[in-house]
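Colleague:
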Amino acid sequence: MNYPSLVWHLKRTELFADLELTELERVAATTPYRFYQPGEVIYRMDDPADALYFVRSGLVKVSKLFPNGKEAILGVIGQHDTFGELLLQPEERRPTQAEALERTTLIVLPRSELQKLLVSKPDLAMKLIRLMAARLFEAQAWTATVSAYSAPERVASLLYRLAREFGRPHPQGVELGLKLNQEDIARMVGATRETVSHSLSRLKKEGAIVRARAPMVVRTDALRLFIDQER
1 MNYPSLVWHL
11 KRTELFADLE
21 LTELERVAAT
31 TPYRFYQPGE
41 VIYRMDDPAD
51 ALYFVRSGLV
61 KVSKLFPNGK
71 EAILGVIGQH
81 DTFGELLLQP
91 EERRPTQAEA
101 LERTTLIVLP
111 RSELQKLLVS
121 KPDLAMKLIR
131 LMAARLFEAQ
141 AWTATVSAYS
151 APERVASLLY
161 RLAREFGRPH
171 PQGVELGLKL
181 NQEDIARMVG
191 ATRETVSHSL
201 SRLKKEGAIV
211 RARAPMVVRT
221 DALRLFIDQE
231 R
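The opening position of the sequence shown corresponds to residue 1 in UniProt numbering, with each subsequent residue numbered one higher.
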């Protein structure tokens, strides 16, 4: 294992950004890499919550599956971000499923090692609590958006958020570094694929979407203006 590279990636994460080099090296000694192909499941709902994951490279989709076969995509996790935080109780089970959207490399911190760190580093425990609280706040805010906004507003809000998180500069705006199709967007905004298609067409007419096919190109200023005007 390439420890210098692993330590560097851990240092880039929000959770471990303030740890000293020696502490990061100890963490690195207990955190293997795992590699996933597009579409490969990382964990399923009701699996033991036995590890915390850091994205070294790639993208991960976190979703909730329902008995009727429907899926709600709760979020997309990118490089240097963390997921699987809900693992503080010994018998905790996964409430969600995680799946690689593209070729993905994860750094895996076992729960037992994380708990040792939290005991020895109270500041780290507080940071993890803040991280979990922020995720909960984001989830609640998005639930409110899905409940109160029209489909075009929800699609515009989602594209605006994804552009801020995963966008890269493009001559005509911001290119989304995500391979999401209309069905994926529908699962994220709580709508049908047909409704999403109509919403994307409307946003394109409004000038908020420059290129609708993946990788999508959007104009964040136009998306923001559309959202504000619709409220």
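Think of the CB as a built atom: it goes at the ideal place given N, C-alpha and C, for glycine as much as any other residue.
According to DSSP, simplified to helix, strand and coil, what is residue 59?
Modeller: Coil.
Colleague: If distances are taken between C-alpha atoms only, which option among 39, 223, 51 and 22 comes closest to residue 157?
Modeller: Among 39, 223, 51 and 22, the Cα nearest to that of residue 157 is on 223.
Colleague: Under DSSP, the alpha helix (DSSP H) around residue 195 begins and ends at which residues?
Modeller: Run containing residue 195: 193-205, per the alpha helix (DSSP H) assignment.
Colleague: Identify whether residue 9 lies in helix, strand or coil by the three-state DSSP scheme.
Modeller: Residue 9: helix per DSSP, three-state reduction.
Colleague: Express the C-alpha separation of residue 120 and residue 188 in angstroms, rounding to a whole number.
Modeller: Spanning the two alpha carbons is a distance of roughly 38 Å.
Colleague: Which stretch, first to last residue, makes up the beta strand (DSSP E) that contains residue 137?
Modeller: Taken as a continuous stretch (DSSP letters only), residue 137 belongs to no beta strand (DSSP E), being part of the alpha helix (DSSP H) at 122-148.
Colleague: Starting from residue 169, trace the beta strand (DSSP E) both ways and give me its first and last residue.
Modeller: Start and end: 167-170.
Colleague: When you compare the CB positions of residue 165 and residue 84, do they come within less than 8 Å of one another, or not?
Modeller: Not closer than 8 Å, so no.
Colleague: Under the DSSP definition of a beta bridge, which residues are partnered with residue 35?
Modeller: In the DSSP output, where bridge partners are listed per residue, residue 35 has 105.
Colleague: Exposed or buried, which one is residue 41 when buried takes at least 16 other CB atoms within 10 Å?
Modeller: Under this definition residue 41 is an exposed residue.
Colleague: Secondary structure at residue 226, three-state DSSP: helix, strand or coil?
Modeller: In the structure shown, residue 226 sits in a helix (DSSP, three-state: H, G or I).
Colleague: Starting from residue 176, follow the alpha helix (DSSP H) in both directions and report where the run begins and ends.
Modeller: It is not in any alpha helix (DSSP H) - residue 176 instead sits in the beta strand (DSSP E) that spans 173-176.
Colleague: Following the continuous beta strand (DSSP E) through residue 74, name the residue where it begins and the one where it ends.
Modeller: Segment 71-77, the beta strand (DSSP E) holding residue 74.
Colleague: Can you tell which of 218, 39, 27 and 159 has its C-alpha closest to the C-alpha of residue 100?
Modeller: Answer by Cα proximity: 39.
Colleague: Taking Cβ positions, are residue 47 and residue 103 nearer each other than 8 Å?
Modeller: Not closer than 8 Å, so no.
Colleague: Are the CB atoms of residue 57 and residue 105 nearer to each other than 8 Å?
Modeller: Closer than 8 Å, so yes.
Colleague: With a threshold of 16 other CB atoms inside 10 Å of the CB of residue 182, please say whether the residue is buried or exposed.
Modeller: Answer is buried; the Cβ neighbour count reaches 16.
Colleague: Residues in the same chain with beta-carbon distance under 6 Å from residue 211, minus the five sequence neighbours each way, listed in chain order, please.
Modeller: 217, listed in sequence order.
Colleague: According to DSSP, residue 218 sits in a beta bridge with which residue or residues?
Modeller: Partner(s): 174 and 209.
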